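Quick mapping for you: the protein sequence lines, in order, are chains H and V. Anchor point for the first sequence: position 42 equals 42 in our numbering, and the numbering is continuous, going up by one each time. Residues are numbered in our numbering as their position in the second sequence, beginning at 1, plus a constant of 140. Beta carbons are placed, not taken as given, at the ideal position from N, Cα and C, and that holds for glycine. All figures in this text were calculated on a predicted structure; none of them were measured in a lab. Input: a single structure, listed below in structure tokens.
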Amino acid sequence: MSLYNIFDIAGSGMSAQSTRLNLVASNMANADTVSSSSGETYRARQPVFAAVLQNEVNSHQQSAAKGVQVAGVVESQAPLRQEYAPQHPMANDEGYIFKPNVNIVDEMANMMSASQSYKNNVEMLNTAKQLLQQTLKIGQ
Amino acid sequence: MATTINSLFGVHEQALTYRSKRAEVLASNMANADTPGYKARDFDFKSVMNQLNTPAAHATQTHSKHLGFDKTPAAVSLAYRIPTSASLDGNTVDAKVEQAQYAENAMDYQTTLRFVNGKISSYLSALRGD
Chain H
1 MSLYNIFDIA GSGMSAQSTR LNLVASNMAN ADTVSSSSGE TYRARQPVFA
51 AVLQNEVNSH QQSAAKGVQV AGVVESQAPL RQEYAPQHPM ANDEGYIFKP
101 NVNIVDEMAN MMSASQSYKN NVEMLNTAKQ LLQQTLKIGQ
Chain V
141 MATTINSLFG VHEQALTYRS KRAEVLASNM ANADTPGYKA RDFDFKSVMN
191 QLNTPAAHAT QTHSKHLGFD KTPAAVSLAY RIPTSASLDG NTVDAKVEQA
241 QYAENAMDYQ TTLRFVNGKI SSYLSALRGD
């Protein structure tokens with residue numbers, strides 16, 4: 001029954017979107033985490049989504065993806081913000097501090113997109129659930 | 141009047157199967173709304189149903205031990221949706237379009253369920269004779 005697969009598909013979507021929300025939260029929380037060397041500085045993290053493709057027994061039978069997965073988490077390669085602040089407790093020998101390359105505006109937009117996608121998946125799951133319930137009530 | 145219990149629901153049984161299949165395809169699109177490079181898929185429900193009702197070759201079973209002719213199509217041919225707007229990451233899913241299609245498909249599924257329920261209640265009242 002294909003409708004049952006929707007639970008898996010929507011579930012994978014919700015899981016992927018919540019991972020994305022988690023990373024947004026992590027990025028936002030660490031937006032001002034200062035460190036004294038560029039190697040230790042927090043870098044913005046982004047999830048990489050990939051479609052989960054169905055393993056077909058019959059190769060001629062084409063089929064839709066079975067959901068989505070987080071293929072990995074990548075760190076942003078954008079340059080870190082380097083500031084001259086000799087009074088700062090974290091300043092290095094030359095008097096510089098390093099701030100993360102988190103772009104708050106990007107993260108906010110990302111958060112809105114993730115929560116919207118999450119909602120869409122929930123909505124879809126609810127509809128599928130209703131359809132299944134009605135199907136189970138056939139003839140009653 | 142259906143002669144066997146198998147043909148009781150007529151085309152509605154297959155309609156339900158393909159409606160739920162389509163719901164699954166649309167659900168995959170929705171789940172992959174943010175996947176880079178994902179191409180939205182769909183299939184034409186109407187043409188699938190037409191294919192069911194008009195078998196490609198008319199063949200008759202001349203011996204009871206011969207293999208029967210399966211009227212179900214080998215596979216639903218999935219097509220790619222033509223995107224309304226281009227996106228930088230190569231994704232062609234428009235969440236709103238998918239949502240609308242999904243809702244329409246769900247309504248049609250419910251319509252078919254209503255037909256099936258109607259069939260059952262009419263047969264039940266015929267059996268009861270009241």
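Inter-residue spacing [alpha-carbon to alpha-carbon] between residue i and residue j
i, j, result
"Asn-58/H", "Val-165/V", "Note that Asn-58/H scores a pLDDT of 46, beneath 50, so its modelled location is shaky and nothing firm can be said."
"His-152/V", "Ala-266/V", "20 Å"
"Arg-181/V", "Asn-5/H", "16 Å"
"His-203/V", "Thr-144/V", "21 Å"
"Leu-148/V", "Ile-260/V", "9 Å"
"Gln-82/H", "Val-237/V", "44 Å"
"Ala-173/V", "Ala-240/V", "14 Å"
"Thr-135/H", "Thr-157/V", "12 Å"
"Ala-128/H", "Gln-250/V", "11 Å"
"Val-188/V", "Val-216/V", "7 Å"
"Gly-230/V", "Arg-221/V", "13 Å"
"Arg-268/V", "Leu-132/H", "28 Å"
"Val-256/V", "Ile-138/H", "7 Å"
"Lys-263/V", "Gln-130/H", "A quick correction: the sequence has Tyr, not Lys, at residue 263/V. One C-alpha to the other measures close to 26 Å."
"Gly-72/H", "Tyr-96/H", "32 Å"
"Ser-38/H", "Lys-66/H", "40 Å"
"His-60/H", "Lys-179/V", "Only weak support is given to the placement of His-60/H: the predicted model assigns it a pLDDT of 45, under 50, and the question is left unresolved by the model."
"Lys-205/V", "Tyr-242/V", "43 Å"
"Ala-235/V", "Gln-154/V", "28 Å"
Residues bridged to residue i (per DSSP)
i, result
"Asp-182/V", "Ala-219/V"
"Phe-98/H", "Ser-35/H and Gln-82/H"
"Val-68/H", "Ala-51/H"
"Gln-46/H", "Val-74/H"
Whole-Å CB distance - residue i paired with residue j, under 8 Å assumed
i, j, result
"Gly-13/H", "Ala-171/V", "3 Å"
"Ser-160/V", "Ile-9/H", "12 Å between Cβ atoms; not a contact."
"Glu-107/H", "Val-52/H", "Going by Cβ atoms, the distance from Glu-107/H to Val-52/H rounds to 26 Å, so no, they are not a contact pair."
"Ala-44/H", "Asn-27/H", "5 Å"
"Val-48/H", "Val-74/H", "6 Å"
"Ala-50/H", "Thr-232/V", "Not really, about 16 Å apart at Cβ, beyond 8 Å."
"Gln-46/H", "Ser-76/H", "7 Å"
Interface flag, residue i vs chain A, CB-CB below 8 Å
i, result
"Asn-126/H", "Protein chains in the displayed structure are H and V, and chain A is not among them."
Check: residue i C-beta below 7 Å from any heavy atom of the ligand COA
i, result
"Gln-69/H", "As far as ligands go, the structure on display features none, and thus does not contain the ligand COA."
At a cut of 8 Å, does the segment 95–103 of chain H reach the segment 21–35 of chain H through at least three beta carbon pairs?
yes
Runs of 3 residues minimum, wholly inside the segment 227–261 of chain V: which ones carry the beta strand (DSSP E) assignment?
The qualifying runs do not exist here; there are none.
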